[in-house]
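Notes to accompany the following structure.
Listed below in structure tokens is the structure:
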């Protein structure tokens, strides 16, 4: 593993050693298998989705000025905002470096789904910040926002996994829908 520059790689090692449930990579592997693929086929992409998820957490912590994550100091508190932003940005690069190692005839669909997931999570985060200053947020708006944040990352995990497993259009859609509902349930329960 890379060690220099220390101001980049030390925070990344700290972040990635902090644990987590790893729900997204496990879901991706399960969906790959449910679509007819093998676990081994989804390993690189599952690493990519976990790196992407950690990117969203780092940037969310900065925006929310959060002190802790998973019982540990957040990157921007332990180091500073600049280090945290750069670490988050580096995670996206690392995510794509892993994603493109995926051996699939559907790699263009996989990359497209992954990228659309990033864009939609950014939209969801933007709504989240907007809603913090509004007093008239409706239930439907809130559900839309969490659909673009939590649910979308799970949706991306399921869709990419099903694509790697070479699932049919219906199988991909059904697994993606399941994951979306799961994501919404996580937020409202």
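In my numbering, the protein residues as written are -1 to 187. Built from N, CA and C at the ideal position, the CB exists for glycine as well.
task = Give every residue of the same chain whose Cβ lies closer than 7 Å to the Cβ of residue 68, excluding the five residues on either side of it in the sequence, and list them in chain order.
result = Position 70 of the chain shown, counted from the first residue, corresponds to residue 68. Closer than 7 Å at Cβ, skipping near neighbours: 16, 17, 18.
query = Where does residue 54 fall in DSSP's three states?
reply = Position 56 of the chain shown holds residue 54. Of the three classes helix, strand and coil, the one that applies to residue 54 here is helix, per DSSP.
inquiry  = Can you look up residue 71 in the DSSP assignment and give me helix, strand or coil?
reply    = As a first step, residue 71 must be located in the chain shown, where it is residue number 73. Note: residue 71 maps to strand in three-state DSSP.
query = When you compare only the Cα positions, how much space is there between residue 33 and residue 161?
reply = Taking the chain shown and counting its residues from 1, one reaches residue 33 at position 35. Taking the chain shown and counting its residues from 1, one reaches residue 161 at position 163. Using only the alpha carbons, I get a separation of about 8 Å.
inquiry  = If the criterion is Cβ atoms closer than 9 Å, does the pair residue 156 and residue 183 meet it?
reply    = Start at 1 with the first residue of the chain shown, and residue 156 comes out as number 158. Start at 1 with the first residue of the chain shown, and residue 183 comes out as number 185. Taking 9 Å as the Cβ cut-off, residue 156 and residue 183 do not qualify as a contacting pair.
ask   = How about residue 144 and residue 122: do their beta carbons lie closer than 9 Å?
value = For the purposes of this step, residue 144 is identified with residue 146 of the chain shown, where counting begins at 1. For the purposes of this step, residue 122 is identified with residue 124 of the chain shown, where counting begins at 1. The answer is yes: Cβ separation under 9 Å.
message = Pull the bridge partners of residue 113 from the DSSP assignment, please.
response = Counting from one through the chain shown, the residue named residue 113 turns up at place 115. DSSP, once it has assigned bridges, lists no residue as partnering residue 113.
message = So, for residue 127: in the same chain, excluding its five sequence neighbours on each side, which residues have a beta-carbon less than 7 Å away from its beta-carbon?
response = Position 129 of the chain shown, counting from 1, holds the residue named residue 127. Closer than 7 Å at the Cβ level, and outside the excluded window around residue 127, lie 61.
request  = Give the DSSP bridge partners of residue 66, in chain order.
outcome  = For the purposes of this step, residue 66 is identified with residue 68 of the chain shown, where counting begins at 1. Residue 66 is bridged to 71.
task = Express the C-alpha separation of residue 170 and residue 113 in angstroms, rounding to a whole number.
result = Within the chain shown, numbered from 1, the residue matching residue 113 stands at position 115. Within the chain shown, numbered from 1, the residue matching residue 170 stands at position 172. Their backbone Cα atoms lie some 17 Å apart in a straight line.
ask   = How many angstroms separate the CA atom of residue 78 from the CA atom of residue 88?
value = On the chain shown, residue 78 is found 80 positions in, with the first residue counted as 1. On the chain shown, residue 88 is found 90 positions in, with the first residue counted as 1. Those two C-alpha atoms are separated by around 15 Å.
query = Which residue's Cα is closest to the Cα of residue 21: 110, 141, 45?
reply = As a first step, residue 21 is located in the chain shown; it is residue number 23 there, counting from the start. Residue 21 has its Cα closest to that of 45, out of 110, 141, 45.
ask   = For residue 150, which residues of its own chain have a beta-carbon under 6 Å away from its beta-carbon, when the five flanking residues on both sides are left out?
value = For the purposes of this step, residue 150 is taken as residue 152 along the chain shown, with counting starting at 1. Contacts found: 115, 118, 119.
task = Assign residue 59 to buried or exposed, taking buried as 16 or more other Cβ atoms, counted over all protein chains shown, within 10 Å of its Cβ.
result = Start at 1 with the first residue of the chain shown, and residue 59 comes out as number 61. Classification of residue 59: buried, given that the 10 Å Cβ count is 16 or more.
ask   = Hey, how far is the Cα of residue 12 from the Cα of residue 94?
value = Within the chain shown, residue 12 is the residue found at index 14, counting from 1. Within the chain shown, residue 94 is the residue found at index 96, counting from 1. Taking the straight line joining both Cα atoms gives about 21 Å.
ask   = Using the rule of at least 16 other Cβ atoms within 10 Å of the residue's Cβ for burial, across every protein chain shown, is residue 163 buried or exposed?
value = Reading the chain shown from its first residue, position 165 is the one you call residue 163. Result: buried.
message = With the cut-off set at 9 Å, would you say residue 50 and residue 90 are in Cβ contact?
response = Your numbering for residue 50 matches position 52 in the chain shown. Your numbering for residue 90 matches position 92 in the chain shown. Taking a C-beta distance under 9 Å as the contact criterion, residue 50 and residue 90 qualify as a contact pair.
task = Using alpha carbons as the reference points, say which of 110, 98, 147, 187 lies closest to residue 53.
result = Sequence index remark: in the chain shown, residue 53 carries index 55 (1-based). For residue 53, the nearest C-alpha among the options comes from 147.
message = Closest to residue 97 by C-alpha separation, out of 74, 65, 80, 39, would be which residue?
response = By 1-based counting over the chain shown, the position of residue 97 is 99. If we check each option's Cα against that of residue 97, 39 comes out closest.
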